[in-house]
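Residue numbers (mature numbering (1 follows the signal peptide of the UniProt record, and there is no 0)): -33 to -1, 1 to 368.
We treat Cβ as the ideally placed atom computed from N, Cα and C, and that holds for glycine.
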Ligand SMILES: *[C@@H]1O[C@H](CO)[C@@H](O)[C@H](O)[C@H]1NC(C)=O
Ligand SMILES: *[C@@H]1O[C@H](CO)[C@@H](O)[C@H](O)[C@H]1NC(C)=O
Ligand SMILES: *[C@@H]1O[C@H](CO)[C@@H](O)[C@H](O)[C@H]1NC(C)=O
Ligand SMILES: *[C@@H]1O[C@H](CO)[C@@H](O)[C@H](O)[C@H]1NC(C)=O
Ligand SMILES: *[C@@H]1O[C@H](CO)[C@@H](O)[C@H](O)[C@H]1NC(C)=O
């Protein structure tokens, strides 16, 4: 008889439906009540790495965010697109093609099931060509109706909450441009601050790399942390951003590529400005690199108990470092300099349902920017089951090829 494993308790199918019905009345907004997708749980043999979706050659997947219902939103570097990827059915759907731009980069959830995306013209060889093209857009799944206008004001939020009561999340999001940011050359990573309409942006402009803040409610942009606060001014661009909130302190983590250091952190105020000095956590890559490509790290996400996970882009590796012990003991958990499966990892995020909370989803360029020895393949979204990747580096060189 078919049955589902729920918190290690086997529930027969007949009573599962009753359980599911009661559960979905209590949690109408997410995937909490759904049975464990067999593709996430039934693979205790075989590789802990699974390709969820692969785009055609020369489609560089740049960033991703996970919806609370388990779906993955992925942006494309060399096409102004945002896609929705279903990690269970292993399908992908184009949600939107942004007009008058060439690229979609950082994406972050700004309030429940609403995401900010940085859209503009990203030119690898000369970022300054993007001047005048950048804007922040929102992709909102809350099914708000009305005159095509999402209001982020306190009044609007209250009204939206009333409108949304009991409504299921819509699959067709409401997408709109919030405001342009005319002064920047490029925007890379984006992160949000909990309970705030501010997002933080990894920005490069005429006076260098910095962290900008953008208020989704008002559309105003300003510098939050100037380049003088970061080491190696003039060298590396800031690439990935992540925030943590522990012991009443907000902290911003940042990665750099094209130079040293690799990553570090800075305590910040709620308005995004620095509350103390930047601390370098890892100076040099502590993993095998490809000599000809820019070194450093791209995407960053925070795991449980002080772990930091890095996507190394040109290094074709996923690395776990510890902020509690020493980040220089960083462990390579997947890939290698010549790997063609973990090819050009740009961003990574853990799953958000109880079924995939240990699964790290990666976006990959397929080697688009730094083909290295292996050439270019199609960009992908890949799932890494981290619960099965716990051995140290020496025992655990996972080559996806
Ligand atoms: C950005 O790229 C798009 C698409 O290639 C182009 O139409 C637009 O003019 C560019 N914008 C700027 C400011 O260069
Ligand atoms: C955000 O707001 C919620 C509800 O007011 C509160 O429970 C939570 O602690 C807040 N989180 C942070 C990080 O401020
Ligand atoms: C940001 O917040 C800090 C702490 O509340 C304050 O000292 C600072 O003036 C604020 N900066 C801006 C630009 O609002
Ligand atoms: C990667 O490929 C290059 C060129 O074929 C080779 O020289 C290098 O040793 C390889 N690196 C690893 C770690 O296998
Ligand atoms: C992908 O495209 C690149 C550049 O156009 C080409 O060099 C490479 O051979 C292609 N790879 C495949 C698998 O088609």
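According to DSSP, residue pairing for residue 64 in a beta bridge involves 48. Setting aside the 5 residues that flank it on each side, residue 297 is surrounded in the same chain by 253, 286, 288, each with a C-beta closer than 6 Å to its C-beta; the list follows chain order. At a Cβ-Cβ threshold of 8 Å, residue 280 and residue 265 count as neighbours. With contacts defined as CB atoms closer than 8 Å, residue 156 and residue 207 qualify as a contacting pair. Judged by DSSP in its simplified three-state form, residue 207 adopts strand. Per DSSP, residue 319 lies in no beta strand (DSSP E) and is assigned neither H nor E.
In the displayed model, residue 149 falls within coil according to three-state DSSP, outside both helix and strand. Rounded to whole angstroms, the Cβ separation of residue 68 and residue 100 is 6 Å, and the two are in contact under 8 Å. Under the three-state reduction of DSSP output, residue 294 falls in the helix class. Counted as a single uninterrupted DSSP element, the stretch harbouring residue 262 is not any beta strand (DSSP E), since DSSP gives it neither H nor E. 8 Å or more divides the Cβ of residue 150 from the Cβ of residue 182.
Taken through DSSP and simplified to helix, strand or coil, residue 287 comes out as strand. Here DSSP, grouped into helix, strand and coil, assigns residue 110 to coil. Residue pairing from DSSP places residue 142 in a beta bridge opposite 106. Beta-bridge analysis with DSSP links residue 28 to 43. In this structure, residue 222 and residue 28 do not form a Cβ contact; the two beta carbons are roughly 17 Å apart against a cut-off of 8 Å. Residue 148 is not a Cβ neighbour of residue 196, given a cutoff of 8 Å. Beta-bridge analysis with DSSP links residue 17 to 350. Residue pairing of residue 56 in beta bridges, as defined by DSSP: absent, with no partner found.
Taking all protein chains in view, the Cβ of residue 262 is crowded by 16 or more other Cβ atoms within 10 Å, so the residue is classified as buried. Annotation for residue 69 indicates a beta carbon within 7 Å of some heavy atom of ligand 1. CA-to-CA, the gap between residue 91 and residue 340 works out to about 19 Å.
Per DSSP, residue 337 has no beta bridge partner at all.
Remark: the C-beta of residue 342 is in contact range of ligand 5, defined as less than 7 Å to any heavy atom. Assignment of beta-bridge partners to residue 224 by DSSP yields 204, 263. For residue 83, the enclosing beta strand (DSSP E) begins and ends at 81 to 87. Relative to ligand 2, the beta carbon of residue 25 is positioned no closer than 7 Å to any heavy atom. Placement of the Cβ of residue 161 at a distance of less than 7 Å from at least one heavy atom of ligand 2 is found. Burial state of residue 45 is buried, judged by a 10 Å Cβ sphere holding 16 or more other Cβ atoms. Residue state for residue 196 is assigned as helix, using DSSP reduced to three classes.
DSSP, reduced to helix, strand and coil, places residue 356 outside both helices and strands of the structure shown, so it counts as coil.
DSSP places residue 174 in the coil class of the three-state scheme, outside both helix and strand. A direct Cα-Cα distance of roughly 20 Å separates residue 41 from residue 337. A heavy atom of ligand 4 is found nearer than 7 Å to the CB of residue 304. In the displayed model, residue 281 falls within a helix according to three-state DSSP. In the displayed model, residue 165 falls within a strand according to three-state DSSP.
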